[in-house]
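Here's the structure we're looking at; comments come further down.
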Amino acid sequence: MARLQNIDRRQLSIVHRPLAGFLKAVAAIAWKDLVAELHSRELISAMLVFALLVILIFNFALELDVKARATISSGVLWVTFAFAGTLGLNRSMAVEKDRGCLDGLLLAPVDRAAIYFGKMISNLAFMLIVEAIVLPVYSVLYNTKLFNPGLVGVILLGSIGYVVVGTLLSAMAIQTRTRDILLPILLFPVVLPIIVAAVKASSGFLQGLEMAEMMPQIRLLVFYDVIFIAVSFMLFDYVVEE
Amino acid sequence: MPSQPRVLQVLNILSACLLLVAFGMVLFYAPIERVMGAVQKVFYFHVATAWVGMLGFIAAAMTGIAYLRTQNPKWDIVEVAAVEISLVFFFIAIVLGSIWARPAWGTWWTWEPRLTTAAILEMIYVAYLLLRQGIEEPDRRARFSAIYTLVGGLSIPVTFLSIRLFRTIHPVIFGSGLGEKMSMTTPMYVTMFSNIAVFSIIFSTLFWHRIRLGRLAEKVEQLKLKFMP
């Protein structure tokens, strides 16, 4: 009885309610990344500057006249997000590995899946922040109305799918010799269904088409997200085990 | 080096003979198709190599699961063999498809869903080989390869789904779709299925050879570690 009193009540509650412990771990890892980013701002600034430069290059690469904008905008946006997202994923995982954070996390008594979800949520947050800034900038620079709830929904669904697979593959890629180059090579073929469906759905929303026309693409996005969340968190264990 | 088992030697000869038989069937036995003419005959090899390549990729994903569960390196050897051979077969299928497409559609390539997903599939397995190149430790290499075959392999049904969602001009034989249906007579069915059988045998022969090569490479690695520290 005396020994029981020395145990912290909070720890007991985590032991007896594993889901709460899991969610706490996820939240802690995601929060750690977000707070670190808040202090240094290196990830988001790099992603943001890169995204804006890509949009700038597209200005000269494609003829973005008024008529073409409605159809091409979604493509330009998604290419931008895909490349900027790769940057973010790479840096986010590389920082963990280089500073020994990953080893520390693996030694902690948390479920490996919690590490995965925590990283996934913080990567998603970074990507969404960058997208939230790029969208208004794009609509100002190219005089295109992008404040479309359907578009926002598609970007959200697409980003989730992208980050879900990206977190798993970046955890693999940083452990190889070819590191940064390997992530886009591994990621883009697997994540292409998302890009395809998202671009089609986005351009549908921008052109003001009927919701029913975009439903197949949206269903595909949801289907992809669900499958790959399940697969990725099951496989993450194998990626980080020593 | 242990000599080839009897069965494999027989398979070598059988594969070569059956390939000639398949050629003969396609050129002489199968009738000339009404709409597309002689070029349609490429379709027999195209379907056979594509189908066999596809099965090889699925086999790769299954051996990936087997490796992750058992941690037995023999599954890794089988997996690499499956991916490499399937890669070549599927590439042949794509090239044959292009050869058919030029007279039939007027273009070597079009970005319609089925071809696009075929290209994506090839890229996934090329990326797989690049992944393997970047890792030195055999255990980690085997683990990551297995994971990537699973992740890559799972995009196969998703990309198949995209065929149902988008309109396609790719000819559809089985199942409904908006594509043009080819009418096939019995000799054509016979030719098609026997080609699939022949290419399955050729695949198995090459697969077996590649597995033997993988085992030999593993032996060489072990010897290297022993004598060159």
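So the protein lines, in turn, are chains A and B.
Read in order, the letters of the first sequence correspond to residues 149 to 390 in the numbering used here.
Read in order, the letters of the second sequence correspond to residues 3 to 231 in the numbering used here.
Built from N, CA and C at the ideal position, the CB exists for glycine as well.
Fair warning: this is a prediction, and the values are worked out from it, not measured in the lab.
Check, Outcome
"Could you work out which residue in B:S202, B:F59, B:A18, B:P189 is closest to V153 (chain B) when comparing CA atoms only?", "B:F59"
"Interface residues of chain B around Y386 (chain A) at Cβ under 8 Å?", "L70, R145, A148, I149"
"Return the Cβ separation of F353 (chain A) and L276 (chain A) in integer angstroms, given the expectation that the two are a contact with Cβ distance under 8 Å.", "With a Cβ gap of about 18 Å, F353 (chain A) and L276 (chain A) do not count as contacting."
"Against chain A, with Cβ distances strictly below 8 Å, would A61 (chain B) count as a contact?", "no"
"Using a Cβ-Cβ cut-off of 8 Å (strictly less than) and excluding sequence neighbours within five positions of T324 (chain A), which residues of its own chain qualify?", "L330"
"Suppose the cutoff is 7 Å on Cβ atoms and the five residues either side in sequence are ignored; what does the same chain contact list for K245 (chain A) look like?", "I322"
"Is G216 (chain B) helix, strand or coil when you go by DSSP?", "helix"
"Between T315 (chain A) and chain B, is the shortest Cβ-Cβ distance under 8 Å, so that the two count as touching?", "no"
"If we cut at 8 Å on Cβ distances, does E223 (chain B) have a partner in chain A?", "no"
"Between I67 (chain B) and chain A, is the shortest Cβ-Cβ distance under 8 Å, so that the two count as touching?", "no"
"Taking the C-alpha atoms as reference points, what is the distance between T207 (chain B) and N14 (chain B)?", "6 Å"
"Indicate the three-state DSSP secondary structure (helix, strand or coil) for G39 (chain B) in the structure shown.", "strand"
"For V153 (chain B), would you say it is in contact with chain D, using Cβ-to-Cβ distances shorter than 8 Å as the test?", "You won't find chain D in this structure, because its protein chains are A and B."
"Quick one: which residues of the segment 102 to 136 of chain B get their C-beta closer than 7 Å to a C-beta of chain A? List them in chain order.", "I122, M125, I126, A129, L132, L133, G136"
"Please classify Y310 (chain A): is it buried, with 16 or more other beta-carbons within 10 angstroms of its beta-carbon, or exposed?", "buried"
"Would you give the residue range spanned by the alpha helix (DSSP H) that T65 (chain B) belongs to?", "44 to 72"
"To the nearest whole angstrom, what separates the beta carbons of M190 (chain B) and A32 (chain B), a pair I think is in contact under 8 Å?", "6 Å"
"Under three-state DSSP, which class holds G108 (chain B)?", "coil"
"Give me, in chain order, the residues of the same chain whose beta-carbon lies closer than 6 Å to that of A178 (chain A); leave out the 5 immediate sequence neighbours on both sides.", "G266, I269, S270"
"Relative to the alpha-carbon of L304 (chain A), which residue among A:G356, A:E279, A:A262 has its alpha-carbon at the smallest distance?", "A:E279"
"Among A:L250, A:V258, A:A273, which has the Cα closest to the Cα of V312 (chain A)?", "A:A273"
"For N207 (chain A) versus D328 (chain A), is the C-beta spacing smaller than 8 Å?", "no"
"Starting from Q11 (chain B) and walking both ways along the alpha helix (DSSP H), at which residues does that stretch end?", "8 to 26"
"Counting contacts by CB-CB distance shorter than 8 Å, is T324 (chain A) in contact with chain B?", "yes"
"Check distances from the C-beta atoms of the segment 371 to 384 of chain A to those of chain B and list, in chain order, the residues that come in under 8 Å.", "F371, Y372, I375, F376, V379, S380, L383"
"Here's a check: name, in chain order, each residue in its chain whose Cβ is nearer than 6 Å to the Cβ of M84 (chain B), leaving out the five neighbours to either side.", "Looking at the sequence itself, residue 84 (chain B) is Ala, so the reference to Met does not match. Around A84 (chain B): G58, A61, A62."
"Any beta carbon from chain A within less than 8 Å of S88 (chain B)'s own beta carbon?", "no"
"Can you name the residues of chain B whose CB is closer than 9 Å to the CB of I263 (chain A)?", "Residues of chain B passing the Cβ test: none, with the nearest at roughly 16 Å."
"Using 8 Å as the Cβ pair cut-off and three pairs as the minimum, do the segment 186 to 196 of chain A and the segment 250 to 262 of chain A touch?", "no"
"May I have the straight-line CA-CA distance separating V12 (chain B) from L20 (chain B), to the nearest angstrom?", "12 Å"
"In chain A, which residues lie less than 8 Å from R142 (chain B) when you measure between Cβ atoms?", "Q323"
"With DSSP run on the structure shown, which of helix, strand or coil describes I137 (chain B)?", "coil"
"Among A:A218, A:I205, A:F170, whose alpha-carbon lies nearest the alpha-carbon of Q355 (chain A)?", "A:A218"
"Could you give the DSSP three-state label for E211 (chain A): helix, strand or coil?", "coil"
"Going along chain B in order, which residues have a C-beta closer than 9 Å to the C-beta of P113 (chain A)?", "Nothing in the structure corresponds to residue 113 (chain A), since chain A is present only between 149 and 390."
"Could you have a look at D246 (chain A) and say whether DSSP puts it in helix, strand or coil?", "helix"
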